[in-house]
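Position 160 of the sequence shown, counted from 1, bears residue number 160 in UniProt numbering, the numbering being contiguous throughout.
Even glycine gets a Cβ: it sits at the ideal position worked out from N, Cα and C.
Please read the structure below before turning to the comments.
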Amino acid sequence: MTLAPTRPRTPARRAARRDPLGPLLRTLPDAHREHVLLLRPDGTLTGTSRALQDAFTVVHVPALRAAADGPAGVFAGLLSIFTPRAGGRGVHVECQDEKSGPYRRVYSKPGYAYQASRVYLPTDTTGEMKEEKNAGHGDTAFVYMGGWGGRGGAVDAGFQHGRYGGGAQDDWAPFFLVQQVGAASAVTVARDKQASGAPWRLLAGQSASLKFWVSRVDGQPHVNMTAMGTTSVDHTQSTLTLSAPVDASFDWNPEGGANILKRMTTIGQTYGQQNLQSGSFMRGVRWSDSLIGQTEAAAHLWGADDTGGYCSFPDPKAPEGQRADGSGPKWTVQFVSAAEETDSVVLQ
């Protein structure tokens, strides 16, 4: 019997085994290193503290764009799986019914690896939003960034609305949904760990900062997000960074390559159970100071020349995009520039 040769265990490989966060932390600026969570290739989490690591869980989405129960069904509906455009750069982004709720998308042309924005996170305590859970379609508000590598590999990175412990305090939890080969993994606060997740849930009714970028860690492409804002329980400023390696076949390029980046506002619904008259609404999601570039150092205000397109579903100009009571379109977008707009949606 002939054994396959094994790779030598170099000092760098041995160090990575002992400290899987070390190579990642060395790529981060000091301001983003305090609270860091890494989704490892084997589907496990490693954090800079046990408290952080224990507060989050990984939700595996085994079949993309397939009906499923619970969080997996909602997350399956979020990922927009697009294919590379024939003879062009990057994936072909389509404005279409994704069977998982209304959405507003702003996306870039190919060639970027960094974006950042301020974004207002509405509160349901003052009538800015309502998720009609009793309708049975999984209505959940999401505000996030992300995009696609040159050959796919969808990533969603941002905030998911929820309630701490089911109580009166509404808040926004970080989430990170990464397409993998044949499946996907979502990192989110576990439903059975709401209390331990509280230090990283952001207060509703504030403008938070959100960044998404592509990097290379020990030769492997990584996608990353950093969320900054006031936490919902202790009302202190917090910074959280989430990172995950991505398969090289998706061609996520830290230098920009054919990456396409996006900003998204949506009321996500369980895939295959869409109801555009569920009674849910969300008003006043203001994106502002949006930056884009190949790197953070080279980032500039997101302009028209950087933009690949805009999409609101359902289309406000189409019959299905109108409210049933005749009071106007379901989507209202107060457009200022490619770097700033305020999004509102009413499912009536």
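Contact check for V143 and F159: beta-carbon distance about 5 angstroms, within the 8 angstroms limit, so the pair qualifies. The criterion of a C-beta distance shorter than 9 angstroms is satisfied by L276 and P314. The C-beta separation of P199 from T231 comes to about 6 angstroms, placing the pair in contact by the 8 angstroms criterion. Under the three-state reduction of DSSP output, D343 falls in the strand class.
Nearest to G308 by alpha-carbon distance, out of C95, L39, T46, is C95. Its Cα nearest to that of E341, the residue R286 stands out among E128, R286, Q274. In the structure shown, W200 adopts helical secondary structure according to DSSP, grouped into three states. Nearest C-alpha to Y107 among V187, M264, D247: M264. Setting aside the 5 residues that flank it on each side, P221 is surrounded in the same chain by V246, W252, each with a C-beta closer than 6 angstroms to its C-beta; the list follows chain order. Under the three-state reduction of DSSP, L25 is assigned to helix.
Within 10 angstroms of the beta-carbon of R104 lie 16 or more other beta-carbons, which makes it buried.
The beta carbon of H32 is closer than 6 angstroms to those of T226, T241 in its chain, skipping five residues each way along the sequence. In this structure G22 does not touch L37 by the C-beta definition: roughly 15 angstroms separates them, more than the 8 angstroms allowed. Between the segment 119-139 and the segment 199-210, the count of C-beta pairs closer than 8 angstroms reaches three or more; the two stretches touch. Exclusion of the five residues before and after D156 leaves L78, Y144, G146, L177 as the residues of its chain whose Cβ lies within less than 6 angstroms of its Cβ. Each residue's CA atom was taken as its position, placing H35 and Q322 some 43 angstroms apart. Taken atom to atom, the span from the alpha-carbon of D218 to that of R26 is near 10 angstroms. Around the CB of E128, 16 or more other CB atoms lie within 10 Å, so the residue is classed as buried.
For F82, the secondary structure class from DSSP, reduced to helix, strand or coil, is coil.
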